[in-house]
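Asks:
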Amino acid sequence: MAFKFESLLVWQRALDLTDEINTLTKSSFPKDELFVLTSQIKRAADSVVLNIAEGCTGQTNAVFKQFLGYSLRSAIEVVSCLFIGKRRKIINENDFQKLYDDYQALCKMITALRNTL
């Protein structure tokens with residue numbers, strides 16, 4: 008692996024989840040949400056992955072901790088988008104619950120890593 012972040016389980020999990028969000032938006036989000044909720048949830052999910060990578064690479068622990076905070080906030084943004092999608096009847100209960108649980112676990116992973124720094 009060329010980059011340190013590639014070996015982090017939290018980064019790998021966040022990368023998997025951004026793929027799941029992308030698949031969900033392609034399969035069930037309506038066209039009228041393309042530049043609204045679809046864009047927002049995809050950018051937030053991508054931001055989780057990107058901030059972990061950016062903070063990890065060649066930074067001090069204090070800077071990495073700061074970027075993990077950004078990542079955590081982006082993950083919470085994804086969860087909020089899931090609630091909006093569920094309320095608008097774009098996301099069904101099963102998809103909502105799975106992704107809610109996955110992001111809850113991811114938030115715990117990010118927090119645990121941040122607490123080690």
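Under the numbering used here, the first residue of the sequence shown carries the number 8, and numbering increases by one thereafter.
All C-beta atoms, glycine included, are put in the ideal place defined by N, C-alpha and C.
For the alpha helix (DSSP H) holding Gln104, just list the boundary residues, first then last.
Replies: Element bounds for Gln104: Glu100 to Thr123.
Asks: Round the Cβ separation of Val85 and Ala52 to the nearest angstrom and send it over; I've been treating them as touching at under 8 angstroms.
Replies: Indeed they touch by this definition, with Cβ atoms about 5 angstroms apart.
Asks: Below 8 angstroms, how does it come out for the stretch 116-124 and the stretch 77-97: are there three or more Cβ pairs, yes or no?
Replies: Yes, the stretch 116-124 touches the stretch 77-97.
Asks: Do you know how far the Cα of Glu27 is from the Cα of Glu61?
Replies: In a straight line, the C-alpha of Glu61 is about 21 angstroms away from that of Glu27.
Asks: Find out if the Cβ-Cβ distance for the pair Lys93, Phe103 is shorter than 7 angstroms.
Replies: Their beta carbons are under 7 angstroms apart, which means Lys93 touches Phe103 by this criterion.
Asks: Give me, in chain order, the residues of the same chain whose beta-carbon lies closer than 7 angstroms to that of Lys91; leave out the 5 immediate sequence neighbours on both sides.
Replies: According to the sequence shown, residue 91 is Ile rather than Lys. Closer than 7 angstroms at the Cβ level, and outside the excluded window around Ile91, lie Leu44.
Asks: Quick one: give me the first and last residue of the alpha helix (DSSP H) that Thr32 is part of.
Replies: Its alpha helix (DSSP H) spans residues Leu16 to Ser35.
Asks: Give the C-beta separation of Leu15 and Lys72 to the nearest angstrom, bearing in mind that I take them to be a contact with Cβ-Cβ under 8 angstroms.
Replies: Not a contact, Cβ separation roughly 14 angstroms.
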